[in-house]
Every structure is written in structure tokens, then in C-alpha cells.
Amino acid sequence: MAMAKAKSISLSFADKCRNILCANWEAHLNTIKADIKGSKGEIYTSRVHYMVERGTTYLIVPEDDRHTINIVIDERGSLSVCSPIPGRLTTLLRSLGKLPPRIAMTGDVLFMKRSRSEGLLSLLDQGSSYNILKFEIGSCVYIDSLGSSHKVELDNFEPPKADLLLPFSARIIDGINRSDPRRRALIFFCFEYFNVTATDALLLSIDHHGFDVLAKVPEKAVLLDVPRQYVWREFRFSFKEAAKDIEDFCRMLVELEEEALQSMKSYSGL
35 MAMAKAKSIS
45 LSFADKCRNI
55 LCANWEAHLN
65 TIKADIKGSK
75 GEIYTSRVHY
85 MVERGTTYLI
95 VPEDDRHTIN
105 IVIDERGSLS
115 VCSPIPGRLT
125 TLLRSLGKLP
135 PRIAMTGDVL
145 FMKRSRSEGL
155 LSLLDQGSSY
165 NILKFEIGSC
175 VYIDSLGSSH
185 KVELDNFEPP
195 KADLLLPFSA
205 RIIDGINRSD
215 PRRRALIFFC
225 FEYFNVTATD
235 ALLLSIDHHG
245 FDVLAKVPEK
255 AVLLDVPRQY
265 VWREFRFSFK
275 EAAKDIEDFC
285 RMLVELEEEA
295 LQSMKSYSGL
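Last residue of the sequence shown: 304 in our numbering, with the numbers rising by one and none dropped.
#1: Return helix, strand or coil for I240, following the three-state DSSP convention.
#2: Pick from D189, L167, V288, F273: whose alpha carbon is nearest that of R216?
#3: Would P252 and S163 qualify as a contact pair, given that the criterion is a beta-carbon distance under 9 Å?
#4: Rounded to a whole number of angstroms, what is the C-alpha to C-alpha distance between L237 and L127?
#5: What's the gap between the Cα of S173 and the Cα of D189?
#6: By Cβ distance, which residues of its chain are closer than 6 Å to S203, with the 5 residues on each side in sequence left out?
#7: Would you say the region 102-112 touches the region 135-142, given that touching needs at least three Cβ pairs under 8 Å?
#8: Say the cut is 8 Å; is the CB of Y78 nearer than that to a heavy atom of the ligand GTP?
#9: Hey, quick one: how far does the alpha helix (DSSP H) through F228 stretch, first residue to last?
#10: Measuring alpha carbon to alpha carbon, tell me which residue in P120, Y264, M298, L295 is nearest I208.
#11: Taking the beta carbon of K147 as the centre, do at least 16 other beta carbons fall within 10 Å, making it buried, or is it exposed?
#12: Which whole-angstrom value describes the C-beta separation of F228 and F269, a residue pair presumed to lie in contact below a C-beta threshold of 8 Å?
#13: Based on the DSSP output, what are the partners of F202 in its beta bridges?
#14: Using the Cα positions of I43 and I166, report the straight-line distance between them to the nearest angstrom.
#15: Specify the secondary structure class of E87 as computed by DSSP and reduced to three states.
#16: Note the first and the last residue of the continuous beta strand (DSSP E) segment covering I177.
#17: Applying the 10 Å Cβ sphere with the 16-neighbour rule, what's the burial state of S117?
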């Protein structure tokens with residue numbers, strides 16, 4: 035069985051941060067503006083690419099980017115990474131006044147030894163017009179879709195390692211959300227496991243331990259003569275065992291559909 039009936043296990047904030055860092059490859063880097071006269075006290079921001087290797091975060095920054103000048107004077111910096119939200123989800127979240135969950139990290143942005151930097155660039159097939167900078171994390175905060183901040187203790191935060199699922203999460207989410215049969219299955223999951231009747235549902239996020247669904251469900255009726263209102267709510271579905279890769283995740287999702295159908299047949303007489 036892929037999932038126990040009505041059983042849902044929430045991820046810790048540390049796990050959510052690790053999943054976001056692993057699922058994306060773009061971030062916003064902030065450093066303090068500086069020149070030969072010293073720090074200016076103003077913040078410079080640009081979008082950079084990053085990678086995580088053996089638990090360490092490396093930033094891929096163009097050689098002529100101002101960050102490379104700023105960190106000579108002041109190594110302090112911060113990094114913001116958003117959860118990848120593809121397709122229709124972006125528009126829907128904005129209409130609900132929500133933002134994609136994200137992580138905000140502060141720390142030091144450091145130059146690396148040339149030999150190490152060149153080695154990493156060769157792995158990425160990047161030319162000499164880029165620098166590889168090391169980001170040493172000093173603090174980490176998880177910011178949910180409503181803007182609430184949750185501090186993550188670094189003792190509990192284990193940086194991501196090589197992953198065979200999360201880097202492809204945006205494509206999986208978008209593919210399922212574009213498929214009417216798959217979305218009907220999400221609606222069915224909400225009914226079978228949470229006993230709620232949804233009129234629409236979208237896959238919100240995935241991870242090794244399950245997935246989150248954003249479903250349009252009726253509010254509790256207050257007055258009988260008032261038309262029923264609908265709201266979007268999040269539902270968490272947890273697997274009984276961790277999915278190692280894309281194949282594992284898709285297999286468990288199919289098993290979950292089969293379980294739900296068998297359960298429905300058992301009480302409907304179909």
C-alpha cells in the first residue's frame with residue numbers, strides 16, 4: 035500500500051528548506067555594495083545560479099558581476115530561493131494573496147581556490163567568464179506562502195545531496211496539473227482520504243515522502259438559505275515509504291489511485 039487511509043505526516047521546516055534548495059537552481063544573491071573606498075551600506079541584488087555538492091552550496095556568478103567586487107570588502111551576504119511553482123499555480127496563488135514558499139539564508143560569500151573553482155566549472159561546462167563562489171550558511175529561515183517566517187536551527191538542517199526526484203519536481207507538477215484525468219484523481223483523493231468534496235484540485239508540491247494538493251472545497255454552511263461558498267485549502271498526502279526517484283514517485287501515485295478505487299468499490303458495491 036502506498037499510503038495509510040487518512041494518514042498525513044507534515045514535513046519539518048528543515049525538510050521543507052532542504053527540498054526547496056534541492057528543487058531549484060536559481061536564487062537571488064544579496065551583497066553589500068562596496069568599492070575601493072569601502073562599504074557603501076547599500077544592498078546589491080542579482081539572480082544567480084547555484085548548485086549543492088556534498089552538502090555545500092556553490093554560487094555561479096559572472097566574472098563582471100558586482101558581487102565579486104563587493105565581497106572583497108565585505109563577505110556578508112544573503113541568498114533567497116523560491117519553491118518552483120509552474121504554470122497555472124502561479125496565477126492561482128497570486129489571486130489568493132499567496133506567494134511561493136521560499137527560504138532566506140544569511141552567511142558569508144567566499145572566493146575559492148582557483149583549482150577547485152575551475153574543477154567545478156568543468157563539471158558544469160561553463161566558460162572562464164564565471165566565478166564559483168562558496169556560500170557558508172550562517173542562518174536559515176523558512177517563509178511560508180502567507181509570509182510567516184519560521185527559523186530553522188542549523189543543527190537540524192542537513193544540506194541536500196544528489197537527488198533523483200526533486201530537481202524534476204516542477205515538470206512533474208506541471209504535467210499532472212495539465213492532465214484532466216490526473217486532476218480528477220486528486221479530487222478523488224481528497225474525498226477518499228479527507229472526506230471532502232472538491233470541485234477542482236491542483237498538485238502544489240512533491241517530495242520523497244508524499245505530496246501536497248491545493249483543492250477548492252466548500253466552506254461549512256452557516257445559514258441554509260445562503261449559497262455555499264468555496265475556498266482553496268491545502269491537503270497533505272504521505273507515502274508509507276520514501277520515493278527514491280521519479281519512477282518510484284509515479285509508481286506510488288498510481289498505487290494510491292488503485293487503493294482509492296478499491297476502497298470506493300468496497301463500500302459502493304461497484
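Every residue gets a Cβ at the ideal spot worked out from N, C-alpha and C, and that includes glycine.
Reading off the structure:
#1: Residue 240 sits at position 206 when you count from the first residue of the sequence shown. The three-state secondary structure of I240, taken from DSSP, is strand.
#2: Here residue 216 corresponds to residue number 182 of the sequence shown, with the count starting at 1. Checking every option, the nearest Cα to that of R216 belongs to V288.
#3: Here residue 252 refers to the residue found at position 218 when the sequence shown is read from its first residue. Here residue 163 refers to the residue found at position 129 when the sequence shown is read from its first residue. Taking 9 Å as the cut-off, the beta carbon of P252 is found no closer than this to the beta carbon of S163.
#4: Here residue 237 corresponds to residue number 203 of the sequence shown, with the count starting at 1. Here residue 127 corresponds to residue number 93 of the sequence shown, with the count starting at 1. In a straight line, the C-alpha of L237 is about 12 Å away from that of L127.
#5: For this step, residue 173 is matched to residue 139 along the sequence shown. For this step, residue 189 is matched to residue 155 along the sequence shown. Distance from the CA atom of S173 to the CA atom of D189, rounded to whole angstroms, is 10 Å.
#6: Within the sequence shown, numbered from 1, the residue matching residue 203 stands at position 169. Result list for S203: A57, I240, in chain order.
#7: Yes: the two stretches touch, three or more of their Cβ pairs being nearer than 8 Å.
#8: This structure lacks the ligand GTP; in fact it carries no ligand of any kind.
#9: Position 194 of the sequence shown, counted from the first residue, corresponds to residue 228. Element bounds for F228: 214-228.
#10: For this step, residue 208 is matched to residue 174 along the sequence shown. One detail in the question is off: residue 208 reads as Asp in this sequence, not Ile. For D208, the closest alpha carbon among the candidates P120, Y264, M298, L295 is that of P120.
#11: By one-based count along the sequence shown, residue 147 stands at place 113. Answer is exposed; the Cβ neighbour count stays below 16.
#12: Here the question's residue 228 lines up with position 194 in the sequence shown. Here the question's residue 269 lines up with position 235 in the sequence shown. Yes, they are in contact, since the Cβ atoms of F228 and F269 sit about 6 Å apart, within 8 Å.
#13: In the sequence shown, the residue the question calls residue 202 occupies position 168. For F202, which the question treats as bridged, DSSP gives no partner whatsoever.
#14: What you label residue 43 is simply residue 9 of the sequence shown in a count that begins at 1. What you label residue 166 is simply residue 132 of the sequence shown in a count that begins at 1. Looking at the two C-alpha atoms, the distance is approximately 38 Å.
#15: Counting from 1 along the sequence shown, the entry for residue 87 is found at position 53. Here DSSP, grouped into helix, strand and coil, assigns E87 to strand.
#16: The residue you call residue 177 lines up with position 143 of the sequence shown. Counting along the chain, the beta strand (DSSP E) containing I177 begins and ends at 164-177.
#17: If you number the sequence shown from 1, residue 117 lands on position 83. Classification for S117: buried.
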